[in-house]
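The next block holds one structure in the form of structure tokens; read it before the comments.
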């Protein structure tokens, strides 16, 4: 599991992760030189990788209904990700919180990658 | 006799130079077409980008080159209005109605990124976008970004 995004709890409804990136992390390289900020797509990438680990299989996005990046996430700023288990259609809702409040949230749809393509996400939780 | 006024299309590559992204975070590579109501750029994910793994990148991540192309469009419009810009500073704020037509894309491969503005208000700009790889549509959707600069002369 990526040490930047570690699963800390799972329930019947959701996974929770702790997210924290050091200032020199590759996600901040060039984004931006004088004002390092975790890119919005970097948040989604870390979240999706962590979710794949929790589900025990690689997944990819097929749709995103709505994703909002409400406040910039800075280096050394711990956040907590909450990701609901995918429903039968593969739809996932997530939220990212920090001490500053809600940082990002959204709703997207995933599918299993490669040989597991037809399997329902809920079979793995 | 006055100098002929530059066309908006003359500002595309200068506008790319105003992006704050550097190194592996700079995904837009060239401006192809520029107009008041559209922008087309080429982009690629370099293999040293943090989101590239095993020589490929997840297609939903092309939201980032789309956001950079939208920023280039805003910068080109500002340059056309003689706004004094040293660097464009902004953030992606939302993504809607994203449809991904294939799961993965090869890194280091040229993508064609087209954006169309759908409204600007109080620093917030909405764009529709399409990403093509070798003439095939791979991703489309709508994004919003917030720009901190004053873009009116």
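Chains as they are written, first to last, in the numbering used here: chain H, 122 to 246; chain X, 876 to 1028.
Beta carbons: idealized from backbone N, C-alpha and C, even for Gly.
Interface flag for residue 907(X) against chain H is unset, since no Cβ pair is found closer than 8 Å. Going by DSSP, residue 938(X) is part of the alpha helix (DSSP H) stretching over 938 to 955. By the neighbour-count definition (other C-beta atoms within 10 Å, threshold 16), residue 230(H) is a buried residue.
Among the residues of the segment 160 to 179 of chain H, those with a Cβ less than 8 Å away from any Cβ of chain X are 160, 161, 162, 163, 165, 166, 169, in the order of the chain. Per DSSP, reduced to three states, the secondary structure at residue 885(X) is helical. About 20 Å separates the beta carbon of residue 976(X) from that of residue 916(X), a gap too long to meet the 8 Å contact definition. With respect to the C-alpha of residue 1009(X), the residue from 919(X), 962(X), 961(X) having the closest C-alpha is 919(X).
With a minimum length of 3 residues, the unbroken runs of beta strand (DSSP E) contained wholly in the segment 887 to 935 of chain X fall at 903 to 910, 913 to 918, 931 to 933. Contact between residue 948(X) and residue 990(X) is confirmed by a C-beta separation of about 6 Å, below the 8 Å threshold. Counting every other CB atom within 10 Å of its CB across the protein chains shown gives residue 972(X) a total below 16, marking it as exposed. In the assembly as shown, residue 924(X) is a buried residue. Its beta-carbon has 16 or more other beta-carbons within 10 Å.
Nearest Cα to residue 914(X) within the set 886(X), 957(X), 964(X): 886(X). When secondary structure is reduced to three states using DSSP, residue 190(H) falls in the strand class.
Within chain X, no C-beta atom comes nearer than 7 Å to that of residue 218(H); the closest sits roughly 17 Å away.
Interface criterion met: the Cβ of residue 153(H) is under 8 Å from a Cβ in chain X. Taking residue 126(H) as the centre and dropping the five residues before and after it, the same chain places the C-beta of 138, 140, 167, 171 closer than 6 Å to its C-beta, in chain order. When C-beta atoms of the segment 180 to 188 of chain H are compared with those of the segment 199 to 206 of chain H, fewer than three pairs fall below 8 Å, so the two segments do not count as touching. If you check each beta-carbon in the segment 918 to 949 of chain X against every beta-carbon of chain H, the ones closer than 7 Å belong to 925, 926, 933, 935, 936, 938, 939. Relative to the Cα of residue 207(H), the nearest Cα in the group 122(H), 132(H), 124(H), 194(H) belongs to 132(H).
Using a Cβ distance threshold of 8 Å, residue 187(H) and residue 227(H) count as a contacting pair.
Under the criterion of beta carbons closer than 8 Å, residue 898(X) and residue 150(H) qualify as touching, at roughly 6 Å.
Under the DSSP assignment, residue 165(H) falls in the alpha helix (DSSP H) whose first and last residues are 161 to 176. At a cut-off of 8 Å between beta-carbon atoms, residue 198(H) makes no contact with chain X. For a Cβ distance threshold of 8 Å, nothing in chain X lies close to residue 204(H): the least Cβ distance comes to about 15 Å. Exposed is the label assigned to residue 996(X), since fewer than 16 other Cβ atoms lie within 10 Å of its Cβ. Residue pairing by DSSP puts residue 970(X) in a beta bridge opposite 188(H), 1018(X). With contacts defined by Cβ atoms closer than 8 Å, residue 933(X) and residue 1018(X) do not form a contacting pair. No residue range can be given for residue 234(H), since it is assigned to no beta strand (DSSP E) and is classified by DSSP as neither H nor E.
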